[in-house]
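Number of protein chains: 2
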Amino acid sequence: MDSRVVGILGGGQLGRMLVEAANRLDVETLILDAENAPAKQIRSSEKHVTGSFADEKSVRELAEKVDILTIEIEHVDTTVLFELEKEKGDKLEIHPSPATIRLIQDKYLQKEFLIEKGITTADCIKVESTEQALAEVGEKYGYPYMLKSRTQAYDGRGNFVVSSAEHIPEALKALHSRPLYAEKWCPFTKELAVMVLREKDGIVSSYPTVETIQQNNICHLVYAPARVPDSVQLKARNLAERAIASFSGAGVYGVEMFLLPSGEILLNEIAPRPHNSGHYTIDACATSQFEAHMRAILGLPIPKKNGLSMSTAYTNAIMLNVLGGVKPNSELELCRRALTTKGATVHLYGKGTRPGRKMGHINIVAGSMDECETRLAQIQGEDSETETERVVKPSPLVGIIMGSDSDLPVMATGARILQQFDVPFEVTITSAHRTPFRMTKYATEAASRGVKTIIAGAGGAAHLPGMVAAMTTLPVIGVPVKGSTLDGVDSLYSIVQMPRGIPVATVAINNATNAALLAIRNLAAFIPEYQLKLEEYYAGIEKEVLDKADRLENIGFESYLAK
Amino acid sequence: MDSRVVGILGGGQLGRMLVEAANRLDVETLILDAENAPAKQIRSSEKHVTGSFADEKSVRELAEKVDILTIEIEHVDTTVLFELEKEKGDKLEIHPSPATIRLIQDKYLQKEFLIEKGITTADCIKVESTEQALAEVGEKYGYPYMLKSRTQAYDGRGNFVVSSAEHIPEALKALHSRPLYAEKWCPFTKELAVMVLREKDGIVSSYPTVETIQQNNICHLVYAPARVPDSVQLKARNLAERAIASFSGAGVYGVEMFLLPSGEILLNEIAPRPHNSGHYTIDACATSQFEAHMRAILGLPIPKKNGLSMSTAYTNAIMLNVLGGVKPNSELELCRRALTTKGATVHLYGKGTRPGRKMGHINIVAGSMDECETRLAQIQGEDSETETERVVKPSPLVGIIMGSDSDLPVMATGARILQQFDVPFEVTITSAHRTPFRMTKYATEAASRGVKTIIAGAGGAAHLPGMVAAMTTLPVIGVPVKGSTLDGVDSLYSIVQMPRGIPVATVAINNATNAALLAIRNLAAFIPEYQLKLEEYYAGIEKEVLDKADRLENIGFESYLAK
Chain X
459 MDSRVVGILG GGQLGRMLVE AANRLDVETL ILDAENAPAK QIRSSEKHVT
509 GSFADEKSVR ELAEKVDILT IEIEHVDTTV LFELEKEKGD KLEIHPSPAT
559 IRLIQDKYLQ KEFLIEKGIT TADCIKVEST EQALAEVGEK YGYPYMLKSR
609 TQAYDGRGNF VVSSAEHIPE ALKALHSRPL YAEKWCPFTK ELAVMVLREK
659 DGIVSSYPTV ETIQQNNICH LVYAPARVPD SVQLKARNLA ERAIASFSGA
709 GVYGVEMFLL PSGEILLNEI APRPHNSGHY TIDACATSQF EAHMRAILGL
759 PIPKKNGLSM STAYTNAIML NVLGGVKPNS ELELCRRALT TKGATVHLYG
809 KGTRPGRKMG HINIVAGSMD ECETRLAQIQ GEDSETETER VVKPSPLVGI
859 IMGSDSDLPV MATGARILQQ FDVPFEVTIT SAHRTPFRMT KYATEAASRG
909 VKTIIAGAGG AAHLPGMVAA MTTLPVIGVP VKGSTLDGVD SLYSIVQMPR
959 GIPVATVAIN NATNAALLAI RNLAAFIPEY QLKLEEYYAG IEKEVLDKAD
1009 RLENIGFESY LAK
Chain W
459 MDSRVVGILG GGQLGRMLVE AANRLDVETL ILDAENAPAK QIRSSEKHVT
509 GSFADEKSVR ELAEKVDILT IEIEHVDTTV LFELEKEKGD KLEIHPSPAT
559 IRLIQDKYLQ KEFLIEKGIT TADCIKVEST EQALAEVGEK YGYPYMLKSR
609 TQAYDGRGNF VVSSAEHIPE ALKALHSRPL YAEKWCPFTK ELAVMVLREK
659 DGIVSSYPTV ETIQQNNICH LVYAPARVPD SVQLKARNLA ERAIASFSGA
709 GVYGVEMFLL PSGEILLNEI APRPHNSGHY TIDACATSQF EAHMRAILGL
759 PIPKKNGLSM STAYTNAIML NVLGGVKPNS ELELCRRALT TKGATVHLYG
809 KGTRPGRKMG HINIVAGSMD ECETRLAQIQ GEDSETETER VVKPSPLVGI
859 IMGSDSDLPV MATGARILQQ FDVPFEVTIT SAHRTPFRMT KYATEAASRG
909 VKTIIAGAGG AAHLPGMVAA MTTLPVIGVP VKGSTLDGVD SLYSIVQMPR
959 GIPVATVAIN NATNAALLAI RNLAAFIPEY QLKLEEYYAG IEKEVLDKAD
1009 RLENIGFESY LAK
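Chains as they are written, first to last, in my numbering: chain X, 459 to 1021; chain W, 459 to 1021.
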């Protein structure tokens, strides 16, 4: 795709996945890292450089061989990058810019810069490594507060929670001889992250907002998209994009944020490179964070509108990090279970096994987050069944509700149709008049539980279907149930004559069969498996009538009637 | 994932993509092919073997270093494979088995074997390389017929169409000194292909049926799934699975078939390895054909149920081969346009550019085949706009139909709602009673055009909604239109009181607004963007009422009434 050579400072898993993306684009990469580093394994070359990305000589050696330099880790020697920038001029591009890398390396300078740009972050303050200074912070911020190393910190290393004045000596010991800053305690409800792409022309765009779950300070799980309202997702992306727009240099940036109980979002920190929270993009997005990074630094195009969105509007993903187990290779058991799980993909990094080491990750994609979680549970071995083939109880796609159990004989005919079509469904009773709050809860929560259509049956002054329709955006199908007076016309009018704005899909009186078939048609418009079943069903009922016609023609109408 | 080493005979693009899959699973691969072959480029190793997969010594050299041998091309030296099978016993697995490879190498033996197993193929006959023999074939099969080389044939090379007796000398010249067979002309309507996975235990499963479009005898485009009815897709998969079940050895197999005008499917030929028609699986399926092959030969698990299905039930894909252009690297222009196209992924093989050479491929995925085709046109530069950002006219998701233009004033209110929500829709007139055939055409074709919900309005003896519902599996929403007598109750009853089996989602009399909102709810259950818009809409109408309440409370009911 491009004849220029890209040099990568660092050849760990992030470098490896950058190389994988470059291989597909037929772009040559050269790596600076130890012999046989993960990234080097998947790009044959005699020109890789053996050494450290923090060593000036090695960085210069790599720079001699490439047209573009990028990083997979920010703890590189920036002094030499600034020198190279000057010496090489147009002959070498460095992404992100040395200035950006240096700024981000020092977390305190990073925060100062962001605050100056109007980005909201947790309150923080520079602090000397003395007991007195730390005690002053305690008086200012209260306890607990976070004491953090300004540099060389990752995966929770370099952070210390100062829970009380008594813990100050311990904190100083843990972070001795490091430049420090203190941060006000941030009682967040969730940790969010957004991968932002910055193109050479300064245009920024972003992947969906995700939720990260840490375990022992290491990223354990990523939920994509984050399980927060869309408005919060959007706010997080806006904040992340604004922050990255203020830096220089092309590539992807990982932006970690805190969501507070108030709904406010604070920026926590930035990684100027692909990030663990973006690994899901390999399987869930048309263009992965790694390919996006390569394209950005090479100046190759990215689709402008929604280019980074998930593959289809229907996809959810969970990423699970694979950490080295206590026994060598014991983590492969997890991977093996992933191989038996639909929609799961295993990515291993070619590293020697070591307890707690990031050995790989597993991406799980599915049509709903519920399904992702069921698959995750299977991979984590949390359910008792150990068979490779496991029956996952699917979450209901259709909810059948009725105002009273007296409606059940009618509604059951619909339930049987759903059974016949293998559609996951649920049946319950909730009355608009007698259990209005239960009805409200049902109506407002159904969509988020994965229900796609609600069937509501009611008789008399039949309010249930219309009231539920008023409190959800799901399609609601109403079944007028015939009472002892008025022949069901009362229910029919109550259900069908809804005011402008709130539709109820009304079927014939007592015809729950049709309600179920209508629900299946709604599903079948998007899920081909149900369309096939509908086609079979209709072929079946057509045949039934044809058989009767045949019989009638054969035996004559009088004999037919006599039977 | 596995400490065993896999040797691959051949290091072209298929080998390269096998290696890519092995890299992700952290499985070591060694390649036998020329120096710097595409597959070698993406796996650093000093143990790769330089030489030919048809050369005994080289094959033996590779076999010494690996635990499992597999192929990326069937034209290998099978004699040595048979010898190795005997000599090495349990110490070396060969997939597929040497017997399978030899059988498939000779296309005529392959056909004989398949016919014996009861698989339908085109009629064929062994033939000597003489004019007389070929003339006899002409008498038997008629002209044109296919003359084919039994061995060493690929991408159309080794095939000759004998259009008349006069062409016999030319045919003999083209295929001189090759072992030949003749095949009856097969007037197919489409070429289909299925990738079948055979596990070590003999279990076979398959990817979706695809449609291949050849250009100059080389695979040009692949449509996944094939644009044929589901029943035909299923039939093709069954045939392909039955065929592969009869071979021995694990791995993926490409099965090429002809679809005849009668609907019959004939098996054309089999490739005992990953295949060009399966490249789409890299981006459209959770597990690619390459990873499936690696897992199968290593005995690693595959999800049992639908493990090879496309990522979500909603995905369609097109694969476009990238062939070397007339000018060096001119094919990169195509790739560049692909990079600007949403849902497109470029895969380049690291080969030197040469006119007509398979340099790479582009996978396009989208929620509908229409969308895939629009994106394909963009990549092929077939539309006049050269902007990277192009407005694609989306195909309608909702169809509004009515029995008469007198219904339009009512139905237009629904159309306006769809406009307001940016839902692609179409509006037309078709009457159950006056244009019954037009109605039939509309009803039967709507689903395959991508329409997800039909809104039908009718008055009086309102048959349109119910008749359309009887001829489609799509959800149909009925709008009873009020006529000059009976106040619309006639239409309401006609539409809502459908018999068991055929539902119509009926809304209030004249309330096309609600019909449109119901259609949007149907979409929103699967397309989050519409759910967001619905939430906004309902917040808007809630606010409207709240404002009125506010006003009423402020100015009092008499003043309010007076306005």
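The C-beta atom is built at its ideal place from N, Cα and C for all residues, glycine as well.
Starting from the C-beta of residue 632 of chain X, find all residues in its chain whose C-beta is less than 6 Å away, skip the five residues before and the five after it, and write them out in chain order. On the first sequence, position 174 is the one that residue 632 of chain X refers to. Contacts found: 618.
What are the residues that DSSP puts in a beta bridge with residue 964 of chain X? Numbered from its first residue, the first sequence carries residue 964 of chain X at position 506. Looking at the DSSP assignment, residue 964 of chain X forms a beta bridge with X/936 and W/964.
Interface partners of residue 793 of chain W on chain X, CB under 8 Å: Along the second sequence, one-based indexing puts residue 793 of chain W at 335. Simply 459.
For the alpha helix (DSSP H) holding residue 830 of chain W, just list the boundary residues, first then last. As a working note, residue 830 of chain W is residue 372 in the second sequence. The continuous alpha helix (DSSP H) containing residue 830 of chain W extends over residues 827-837.
Provide the residue(s) that pair with residue 468 of chain X in DSSP beta bridges, ordered along the chain. Numbered from its first residue, the first sequence carries residue 468 of chain X at position 10. DSSP output for residue 468 of chain X lists no bridge partner at all.
Neighbouring residues, chain X, relative to residue 971 of chain W (Cβ below 9 Å): Residue mapping note: residue 971 of chain W aligns to position 513 of the second sequence, counting from 1. Residues of chain X passing the Cβ test: 958, 959 and 961.
Between residue 1024 of chain W and residue 755 of chain W, how many whole angstroms is the CB-CB distance? I'm expecting something under 8 Å. Because chain W here runs from 459 to 1021, residue 1024 of chain W falls outside it and cannot be looked at.
Taking residue 517 of chain W and residue 535 of chain W to be in contact with their CB atoms under 8 Å, please state how far apart those CB atoms are, rounded to whole angstroms. As a working note, residue 517 of chain W is residue 59 in the second sequence. As a working note, residue 535 of chain W is residue 77 in the second sequence. For residue 517 of chain W against residue 535 of chain W, the beta-carbon gap comes to about 6 Å, under 8 Å, which counts as contact.
With a threshold of 8 Å, are at least 3 pairs of Cβ atoms found where one atom belongs to the stretch 692-705 of chain W and the other to the stretch 648-665 of chain W? As far as the Cβ criterion goes, the stretch 692-705 of chain W touches the stretch 648-665 of chain W, which means the pair count is three or higher.
Would the C-beta of residue 714 of chain X count as close to the ligand ZN, meaning under 7 Å from any of its heavy atoms? Ligands in the displayed structure: none, and consequently the ligand ZN is not present.
Hey, could you find the ends of the beta strand (DSSP E) residue 883 of chain W is sitting in? As a working mapping, residue 883 of chain W is identified with position 425 in the second sequence. Unbroken beta strand (DSSP E) run through residue 883 of chain W: 883-887.
Is there a Cβ of chain X sitting closer than 8 Å to that of residue 808 of chain W, yes or no? Locating residue 808 of chain W in the second sequence gives position 350, where the first residue counts as 1. Yes - at least one Cβ of chain X is within 8 Å of the one on residue 808 of chain W.
Can you say whether residue 702 of chain X is buried or exposed, counting buried as having 16 or more other CB atoms within 10 angstroms of its CB? As a position in the first sequence, residue 702 of chain X is number 244, starting the count at 1. A buried status is given to residue 702 of chain X, since no fewer than 16 other beta-carbon atoms sit within 10 Å of its beta-carbon.
Per-residue DSSP class, three states only, for residue 587 of chain X: Taking the first residue of the first sequence as position 1, residue 587 of chain X is located at position 129. If DSSP states are grouped into helix, strand and coil, residue 587 of chain X belongs with coil.
Taking the alpha helix (DSSP H) that residue 878 of chain X falls in, what are its first and last residues? As a position in the first sequence, residue 878 of chain X is number 420, starting the count at 1. Boundaries of the alpha helix (DSSP H) harbouring residue 878 of chain X: 866-878, taken from the DSSP string.
Is residue 609 of chain W helix, strand or coil by DSSP? On the second sequence, residue 609 of chain W is found 151 positions in, with the first residue counted as 1. Secondary structure at residue 609 of chain W: coil, using DSSP grouped into helix, strand and coil.
Please name the residue, chosen from X/530, X/626, X/720 and X/967, that lies closest to residue 734 of chain X on a Cα-to-Cα basis. In the first sequence, residue 734 of chain X corresponds to position 276, counting from 1. Sorting X/530, X/626, X/720 and X/967 by C-alpha distance to the C-alpha of residue 734 of chain X places X/530 at the top.
Evaluate contact between the stretch 935-945 of chain W and the stretch 928-936 of chain X, counting only Cβ atoms and requiring at least three cross-stretch pairs below 8 Å. Contact between the stretch 935-945 of chain W and the stretch 928-936 of chain X is absent, with fewer than three C-beta pairs closer than 8 Å.
As assigned by DSSP and simplified to three states, the class of residue 927 of chain X: Along the first sequence, one-based indexing puts residue 927 of chain X at 469. Residue 927 of chain X sits in a helix when the DSSP states are folded into three classes.
Which of the three DSSP states, helix, strand or coil, is assigned to residue 714 of chain X? Your numbering for residue 714 of chain X matches position 256 in the first sequence. It is a strand residue.
Proximity of residue 609 of chain W and residue 563 of chain W at Cβ, strictly below 8 Å: Counting from 1 along the second sequence, the entry for residue 609 of chain W is found at position 151. Counting from 1 along the second sequence, the entry for residue 563 of chain W is found at position 105. Taking the C-beta atoms as reference points, residue 563 of chain W is found nearer than 8 Å to residue 609 of chain W.
Could you spell out where the beta strand (DSSP E) holding residue 670 of chain W opens and where it closes? Looking up residue 670 of chain W in the second sequence gives position 212. 668-673 is the extent of the beta strand (DSSP E) around residue 670 of chain W.
Indicate whether the contact test is met: 3 or more Cβ pairs, each with one atom in the stretch 542-558 of chain X and one in the stretch 701-718 of chain X, closer than 8 Å. Yes: the two stretches touch, three or more of their Cβ pairs being nearer than 8 Å.
Whose CA, out of W/767, W/669 and W/606, lies closest to the CA of residue 1078 of chain W? The displayed coordinates of chain W run from 459 to 1021. Any statement about residue 1078 of chain W would go beyond what the structure contains.
Under the three-state DSSP convention, the category residue 1041 of chain X falls into: No answer is possible for residue 1041 of chain X: the residues shown for chain X start at 459 and end at 1021.
Quick check on the burial criterion: 16 or more other C-beta atoms within 10 angstroms. Buried or exposed for residue 456 of chain W? The displayed coordinates of chain W run from 459 to 1021. Any statement about residue 456 of chain W would go beyond what the structure contains.
Sequence-distant residues of the same chain with beta carbon closer than 7 Å to residue 849 of chain X, five excluded per side: Working through the first sequence from its first residue, we reach residue 849 of chain X at position 391. Confidence at residue 849 of chain X is low in this model, with a pLDDT of 45, below 50, so its placement is unreliable and the value that follows should be read with caution. Hits under 7 Å: none found.
Grouping DSSP H, G and I as helix and E and B as strand, with all else coil, what is residue 982 of chain W? Taking the second sequence and counting its residues from 1, the one referred to as residue 982 of chain W is at position 524. Correct three-state label for residue 982 of chain W: helix.
Residues bridged to residue 1074 of chain X [DSSP beta-bridge criterion]: In the structure as shown, chain X starts at 459 and stops at 1021, and residue 1074 of chain X therefore has no counterpart that could be examined.
Once you ignore the five residues that flank residue 500 of chain X on each side, which residues in its own chain have a CB closer than 8 Å to its CB? Counted from its first residue, the first sequence places residue 500 of chain X at position 42. Result list for residue 500 of chain X: 474, 477, 478, 481 and 808, in chain order.
Got a sec: is the Cβ-Cβ distance from residue 505 of chain W to anything in chain X below 8 Å? Taking the second sequence and counting its residues from 1, one reaches residue 505 of chain W at position 47. Cβ-Cβ to chain X under 8 Å: no for residue 505 of chain W.
Beta carbon of residue 910 of chain X, beta carbon of residue 834 of chain X: below 8 Å? The residue you call residue 910 of chain X lines up with position 452 of the first sequence. The residue you call residue 834 of chain X lines up with position 376 of the first sequence. The Cβ-Cβ distance between residue 910 of chain X and residue 834 of chain X does not fall below 8 Å.
Cβ of residue 661 of chain X less than 8 Å from any chain W Cβ? In the first sequence, residue 661 of chain X corresponds to position 203, counting from 1. For residue 661 of chain X, the answer is no, since every Cβ of chain W falls outside 8 Å of its Cβ.
Can you name the residues of chain W whose CB is closer than 7 Å to the CB of residue 933 of chain X? As a position in the first sequence, residue 933 of chain X is number 475, starting the count at 1. The contacting residues are 976, 979, 980 and 983.
DSSP beta-bridge partners for residue 582 of chain X? As a position in the first sequence, residue 582 of chain X is number 124, starting the count at 1. According to DSSP, which records beta bridges pairwise, residue 582 of chain X is partnered with X/641.
Straight-line Cα distance separating residue 539 of chain X from residue 758 of chain X: As a first step, residue 758 of chain X is located in the first sequence; it is residue number 300 there, counting from the start. As a first step, residue 539 of chain X is located in the first sequence; it is residue number 81 there, counting from the start. The straight-line gap separating the alpha-carbon atoms of residue 758 of chain X and residue 539 of chain X is approximately 23 Å.
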